[in-house]
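> For the sequence shown, the working numbering assigns the number 116 to the initial residue and increments by one for each residue that follows. Each residue gets a CB set at the ideal place from its N, CA and C atoms; glycine is no exception. No experiment lies behind these values; they were computed from the predicted model shown. Quick one: the structure is below, questions incoming.
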Amino acid sequence: VQNSFVGDTQRIPAGQYFRVGQPAGIRYTDKADAGYGDQARVIGGTDMDSPELVTTAGRSAEGAIVATVFNPETQDRETREFVRRFLTKYGVVPDTWAAQGYDALSVLAAAIRKANSTVPIVVASTLRFIDDWRGVTGSYVFTKEGDVQGKTVFFKIVKDGKFEFMYREKAGEEVNPAYVREDTTLRIPIEGSVSTIDPGQTVEMGSIEITAQLFLGLTNFDPKTYQPVPELATGWTVSDDGKSYRFRLRDDVKWTDGSQVTAHDIVWAIHRNLNPDTKSPYVSSLYVLKNAEAVNKGKSSDYSQIGVNAPDDFTIEFTLEHPATHFPALTGLWMYRPLHRKAIEDHKEKWTEPKNIQSNGPYKLAYWNKAQVMILRKNPAYYDAKNVRIEEVRYYNIPQGSVGLEMYRNNELDILGGIYLKIPFAEILNLRTDPRFRREYSQTAAVCLDLLT
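Next comes the structure, spelled out in structure tokens:
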């Protein structure tokens, strides 16, 4: 725990100071007298994770930050059940010491079962080889010396005489994929893995959906009429001959770094996708633009002759090879979406990593373990953020429908089937007749739109 704690306290702003010891030690600490001023904060170790901190220190405890390894507000199943049972029996929410005591007995019992022995030396040896055992305070990994490592550290702050958790996402810190806040998180299964979220390289249905959450298109589809409607654009006009389109863009769309999204970002993205070296899988959707196919196939190197132009920051014009009444629908595809030029040029093939990516949609990339899960979080810079009701979306890589169904039954997924992980055919009848799930199961016609250019 020590290494994790020290690493996390390094993120605490300067002008605050650290104290280790029992809660009683705070009575000797007066922040103003120490020369830090009234705004300074005491930062304490796990020994100070006790209600006695407030009762002993009085007003001096206000604003104190304390480290802990247990957060009863986390929404993983083990913690939820422990808190529920504890609250039912004792009438109070369990604290860190109750949680760690419970984990200590539970992991000891697990070691005894695994060793099939109660001999202390055998149990101790078994504990040292337990890898990633999960308890109500998170996962446990034991060193050869018997110490616990890799524990997640949370921080609590004293506000109005009570502890309040400081959530990491508010400070822009790393995401812990082991903890899920079910009331604000949508959990979706994807068959296999997400290979890329680069709009110019996207192929699989899962990747296509995710890029739609991260990057706005000029248009989107009305869910009732299936007709293209403005999204990044505010509207468009078309010439009498049907070969020229002019779109006007919103002026309140920002990249996640706060910079303005402009029509020039779309022009640059289209040029990038047409570059033969980019090898965009769906580049043919751009061939409707004048000279686009010639450039992509190496017959021309004059990108200025491609039928896309930005006369100003919020206007983009397209010139087509031939009239195409479906062109407004095409502009909603991922190949036409704006990209952040600097992020791509600075980070090259690593530009889609969470620490590098710049997006402009309703969600931003918060975490990505390519073998397990991708986590998107609500983008506060999104122009319509007030209407984004779901704070977090998680896409889990699930190898088989049977695994996904078991997770759904255990309330570890919120949706199954459709364009996501398929429901095993042999289980459909069971779901339709099971009283627990039949109201959640539905069949509906699928709509597929093929755009042939």
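To the nearest angstrom, how far is it from the Cα of Thr-211 to the Cα of Asp-164?
Roughly 7 Å between the two C-alpha positions.
> Are the Cβ atoms of Tyr-575 and Val-368 separated by less than 8 Å?
Lying before the first or after the last residue shown, residue 575 is absent from the chain, which here runs from 116 to 568.
> Apart from the five residues on each side of it in sequence, which residues of its chain come closer than 6 Å, Cβ to Cβ, to Phe-278?
Excluding residues within five positions, the ones whose Cβ falls inside 6 Å are Lys-271.
> Since Tyr-498 and Ile-305 should fall inside the 8 Å C-beta cutoff, what is the C-beta to C-beta distance between them, to a whole number of angstroms?
Not really, about 27 Å apart at Cβ, beyond 8 Å.
> Between which two residues does the beta strand (DSSP E) containing Met-489 stretch?
Taken as a continuous stretch (DSSP letters only), the beta strand (DSSP E) holding Met-489 covers 488-493.
> Near Phe-197, which residues of its chain fall below 6 Å by C-beta distance, leaving aside the five closest residues on each side in sequence?
Correct list, in chain order: Val-251.
> Per DSSP, which one or two residues make a beta bridge with Trp-466?
The partner list for Trp-466 (beta bridge, DSSP) is empty, contrary to what the question assumes.
> Taking all protein chains shown into account, decide if Gln-558 is buried (16 or more other Cβ within 10 angstroms of its Cβ) or exposed.
The residue is exposed, with fewer than 16 neighbouring Cβ atoms inside 10 Å.
> Just confirm the distance between the C-beta atoms of Leu-347 and Arg-365, as a whole number of angstroms; I'd bet it's less than 8 Å.
Leu-347 to Arg-365, Cβ: 6 Å. Contact.
> When you compare the stretch 398-414 with the stretch 440-459, are there three or more beta-carbon pairs, one atom per stretch, that lie closer than 8 Å?
As far as the Cβ criterion goes, the stretch 398-414 touches the stretch 440-459, which means the pair count is three or higher.
> Given a threshold of 16 other Cβ atoms within 10 Å of its Cβ, counted over all protein chains shown, does Tyr-341 qualify as buried or as exposed?
That one is exposed.
> Val-184 and Lys-266: beta carbons closer than 8 Å?
The answer is yes: Cβ separation under 8 Å.
> Helix, strand or coil for Arg-551, going by three-state DSSP, please let me know.
DSSP places Arg-551 in coil when its eight states are reduced to three.
> Taking only the alpha-carbon atoms, compute the straight-line gap between Leu-435 and Gln-316 and give it to the nearest angstrom.
Cα-Cα distance, rounded: 23 Å.
> Determine the extent of the alpha helix (DSSP H) in which Ala-383 is found, giving its start and end residues.
The sequence shown places Trp at residue 383, not Ala. Residues 378-389.
> Tell me Tyr-255's beta-bridge partners as DSSP assigns them.
Tyr-255 is bridged to Trp-248.
> Give me the residue from Asn-291, Asp-275 and Lys-358 with the minimum Cα distance to Phe-269.
Checked all of Asn-291, Asp-275 and Lys-358; the closest Cα to Phe-269 is Asn-291.
> Could you give the DSSP three-state label for Phe-197: helix, strand or coil?
Helix at Phe-197.
> Going by Cα to Cα distance, which pick from Asp-372, Pro-209 and Lys-229 is closest to Asn-186?
Answer by Cα proximity: Pro-209.
> Does the separation of the CB atoms of Arg-547 and Arg-554 fall below 8 Å?
The answer is no: Cβ separation not under 8 Å.
> Identify whether Arg-529 lies in helix, strand or coil by the three-state DSSP scheme.
Checking the sequence shown, residue 529 turns out to be Asp, not Arg. Coil.
> Can we say the stretch 476-487 touches the stretch 411-423, given the rule of at least three CB pairs closer than 8 Å?
Not touching, per the Cβ criterion.
> DSSP on Arg-363, reduced to helix/strand/coil?
Three-state DSSP puts Arg-363 in a strand.
> Checking the sheet assignment: what are the DSSP bridge partners for Arg-296?
Paired residues: none, contrary to the question.
> Give the C-beta separation of Glu-468 and Leu-491 to the nearest angstrom, bearing in mind that I take them to be a contact with Cβ-Cβ under 8 Å.
With a Cβ gap of about 14 Å, Glu-468 and Leu-491 do not count as contacting.
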